[in-house]
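Visitor: Here's a structure for you.
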Amino acid sequence: MFFVLGFAVGEVLYAVLGYKPENDDAPLWADLVASLAVLAVTLVPCIGAVMYGRRASRAGRPGARAPMIIGALAGAALVILTALDL
72 MFFVLGFAVG EVLYAVLGYK PENDDAPLWA DLVASLAVLA VTLVPCIGAV MYGRRASRAG
132 RPGARAPMII GALAGAALVI LTALDL
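This is how it looks when you write it as structure tokens:
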């Protein structure tokens, strides 16, 4: 759900700034603004999974490591893919 919401935020920001995301004519600052907003929205569940996974892991629940690792890997992948797209 956050991925879809992030995609919508990116599309709206490009439109508000007067550019179309499918064209490659947007300046770097417009790409950065849209990309940072998309990252802020899409990283919310990843950060939550890592925070609560660490808390549960410290409380003695070894099963909490899986969501923590998945959240960290998904967040890292989103950041890397977004940086490569700029």
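The sequence shown: position 20 = 91 (my numbering), numbered continuously.
Backbone N, C-alpha and C define an ideal beta-carbon position, used for all residues, glycine too.
Taking contact to mean 3 or more Cβ pairs, one atom from each stretch, closer than 8 angstroms, check whether the segment 132 to 141 and the segment 85 to 94 are in contact.
Guide: No, because fewer than three Cβ pairs between the segment 132 to 141 and the segment 85 to 94 fall closer than 8 angstroms, the two stretches do not touch.
Visitor: If you reduce the DSSP assignment to three classes, tell me which class MET139 lands in.
Guide: As a position in the sequence shown, residue 139 is number 68, starting the count at 1. Helix.
Visitor: For a minimum of 4 consecutive residues, which ranges assigned as the alpha helix (DSSP H) are wholly contained in the segment 75 to 156?
Guide: 99 to 113, 115 to 129 and 136 to 156
Visitor: Any contact between the segment 97 to 104 and the segment 112 to 123? By contact I mean 3 or more CB pairs, one from each, below 8 angstroms.
Guide: no
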